[in-house]
Amino acid sequence: MDYKMEELLPIVSELAQKYTAYESTSITYEKAQMLMGAVLYSLDEYSHSYANNLVDKNISLKEQYHIGTNLILEKVDNIREIFNAVSFQFDDFGVKCLYDTVQKGIPQFLKWYDIKFCPQNTILTLDYPLLIDCNSLTGADAVYKYIQAIQIEQSFLSLFDRYYVISVLANYNSEYRDMLENICGIVLMNTVGHIAVNKPFHDACFLHEEYLELSEIFKAKPISDIENIVKNFIEKMVRRFYKDNADMLEYLCCETNNIATRIYTANQYGELSKVFVL
């Protein structure tokens with residue numbers, strides 16, 4: 554949303570006074586930019602919030618700013634709540650990047666995040682990759698989206714025996730502990746093979762005839778058709794094991810194109826064992 558500078562300056566000026574504890578009337582250009590960013594971030598939070606539809610559209614910009622700041626505060630509380638719930642049964646399966654990002658990184662965000670003066674600062678690099686892209690988000694918006702995704706991933710992975718997950722990862726990459734890949738997507742890709750041939754998840758190691766059956770299922774199909782098949786398999790799994798969890802279905806389906814592309818390429822070269830690893 555576009556704002557007039559003359560509307561923003563009084564809010565930024567008041568924030569600057571609070572930043573200097575009313576002891577100075579001047580701040581550096583960099584700090585002024587930071588505070589302007591803080592005001593715009595809060596206003597953006599207001600304008601994109603569902604709460605925006607419940608309040609008077611004619612309220613002042615200053616009031617919108619304060620509402621936005623409170624919404625950010627609520628989002629941080631939600632981040633803390635989700636993180637605490639995730640941490641209760643969190644399992645990184647030995648993947649260092651996942652552990653560092655979630656168990657070390659999120660507490661640092663909660664400790665140092667500055668809602669008032671620099672809410673646009675994400676603080677973390679969020680190195681562990683997700684199945685979705687959060688790069689367009691910053692600050693609490695980014696971390697909130699991130700921890701929601703981690704919660705979904707942990708819920709998905711909790712269905713499987715821990716040894717099965719680790720075995721899938723180890724067969725996929727012997728140095729999985731140090732890899733910078735999403736482990737949920739790797740396990741999901743393997744489960745697609747199980748579902749395709751009606752193989753129980755606990756029944757590890759695909760047989761030669763099962764690879765032949767998988768090859769026939771995906772043979773001579775374009776990536777778009779394989780993607781639809783994969784999506785149907787995921788829907789079947791979520792419906793059966795996760796009580797039709799819509800959020801999980803939406804999240805996992807973000808990986809369908811990647812899985813379909815890998816299946817298509819591997820099947821072309823007779824190497825489905827590199828996709829369905831266990």
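Position in the sequence shown (first residue = 1) + 553 = the working numbering. Yeah, the Cβ is synthetic: ideal placement off N, Cα and C, and Gly gets one too.
Check	Outcome
Once DSSP output is grouped into helix, strand and coil, what is the label at Ser689?	coil
So Phe709 and Leu805 are supposed to be a Cβ contact under 8 Å. How far apart are they, rounded?	7 Å
Do the segment 668-683 and the segment 587-599 make contact, defined as three or more Cβ pairs closer than 8 Å?	yes
Would you kindly work out how many angstroms separate the C-alpha atoms of Ser720 and Phe829, rounded to a whole number?	12 Å
From Tyr618 to Asn637, what distance separates their C-alpha atoms?	29 Å
Roughly how many angstroms lie between the CA atoms of Gln656 and Glu769, to the nearest whole one?	43 Å
Given this structure, state the Cα-to-Cα distance separating Leu733 from Ala813, to the nearest angstrom.	21 Å
Could you pull the start and end residues of the alpha helix (DSSP H) that Phe662 belongs to?	659-665
For the segment 775-794 against the segment 808-827, do three or more pairs of beta-carbon atoms, one drawn from each stretch, fall closer than 8 Å, so that the two count as touching?	yes
So Ile705 packs on Met801, CB below 8 Å; how close in whole Å?	5 Å
Between the segment 613-627 and the segment 695-705, are three or more C-beta pairs nearer than 8 Å?	no
Quick check on the DSSP output: the alpha helix (DSSP H) that includes Gln673 runs from which residue to which?	Looking at the DSSP string, Gln673 is not in any alpha helix (DSSP H), and its letter there is neither H nor E.
Given a threshold of 16 other Cβ atoms within 10 Å of its Cβ, counted over all protein chains shown, does Cys758 qualify as buried or as exposed?	exposed
Where does Asn751 fall in DSSP's three states?	coil
Using only the alpha-carbon positions, how far apart do Cys687 and Tyr697 sit?	10 Å
Looking at the structure shown, is Asn724 part of a helix, part of a strand, or coil, going by DSSP?	helix
Is Lys827 helix, strand or coil by DSSP?	helix
For the alpha helix (DSSP H) that His619 lies in, which residues bound it at each end?	614-641
Could you give the C-beta distance for Leu684 and Tyr699, rounded to a whole number, given that I count them as a contact under 8 Å?	Leu684 to Tyr699, Cβ: 12 Å. No contact.
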